[in-house]
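Here's the structure we're looking at; comments come further down.
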Amino acid sequence: MIGNILGNVIGFLLMLGVPLAACIYYLWRRDGRIWMFFAGILSFTVSQLLIRIPLLQYAGKKWEWLMLLPYTSLVLYYGFLGLTAGLFEETGRWAAFGLMKRRRRALDWKDALALGLGHGGVEAVWVAVSGLLAGNLDFTADGSQVLLGGVERLFAMTLHVGFSFLIFKGVEEKKARWWLLAVLLHGLTDFQLVIGNLAVVEGLLAIEAVAVLLLVIRFVRREERS
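No gaps in the numbering here: position 194 of the sequence shown is 1161 in my numbering, and each next residue is one more.
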């Protein structure tokens, strides 16, 4: 019982605590990057919660083939969900960078980090709140599953930071190929759910998160030297 409660608490804190800590950090810094953090929050909220999900819900009612897709072909179903997630979210991220670049004369890697944390952070909060409303986080559920969900959100936030760096590079260089790469990688990451084995999926996410973190560190060091 105590283990379940502890797992639920830690998992819930990972989903909510990390985004909240990032928000407090940027508010405390007072360097203007809190607006990039909020831009990341807005990019996810608009692209996913206000546009993509309502469109998918509407299309699922109107298009019979889409409604039946989870039962006829899981590969196509997860491929469709992954690609649309990448398309909407990365386009929203590009728009957010574009709007913020108009507000500020120049952006740097710290802005990309702030936007990625905002985007991934609000997704983590949304997942936590959705789970709470669904009764999955009532502190009597399997604590290990909730804890795993919290760790998964850390991996996801890391990936969102990586995608933000790709979009940042595309906006700075005015090259759409970086947007396309972010869309495809985002879609491929979500498509992994088709595997069905939770341990394998989480393991792949962990490996990808570490790889992204190392690439981001390398990018930052190169930017700092230039």
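Note that the Cβ used here is the ideal one computed from N, Cα and C, for glycine as well.
Residue range of the alpha helix (DSSP H) that includes residue i
i: Trp1061; result: Leu1041 to Arg1070
i: Ser1195; result: Past the boundaries of the shown model lies residue 1195; the chain is included only from 968 to 1193, so the question cannot be answered.
i: Val1179; result: Leu1165 to Arg1192
i: Gln1024; result: Ile1020 to Lys1029
Residue i (DSSP reduced to helix, strand or coil)
i: Asn975; result: helix
i: Ala1143; result: helix
i: Ala1081; result: helix
i: Ala1091; result: helix
i: Leu1121; result: helix
i: Leu1074; result: coil
i: Asp998; result: coil
Integer-rounded CB distance, given that residue j should sit under 8 Å from residue i
i: Leu1160; j: Val1168; result: 6 Å
i: Tyr1045; j: Phe1158; result: 5 Å
i: Phe1132; j: Phe1186; result: 6 Å
i: Thr1125; j: Leu1050; result: Actually they are not in contact, since the Cβ atoms of Thr1125 and Leu1050 sit about 21 Å apart, beyond 8 Å.
i: Phe1135; j: Ala1081; result: No, Phe1135 and Ala1081 are not in contact; Cβ-Cβ is about 11 Å, not under 8 Å.
Any non-hydrogen atom of the ligand ADP within 8 Å of residue i CB
i: Glu1191; result: With respect to the ligand ADP, the structure shown offers nothing to examine, as it has no ligands at all.
Exposure of residue i, with buried meaning 16 or more beta-carbon neighbours within 10 Å
i: Ser1014; result: buried
i: Pro1021; result: exposed
i: Glu1057; result: buried
i: Tyr1025; result: exposed
i: Met1067; result: buried
i: Met1003; result: buried
i: Trp1146; result: buried
Three Cβ pairs or more, each shorter than 8 Å: is that satisfied between the region 1067-1074 and the region 1166-1184? no
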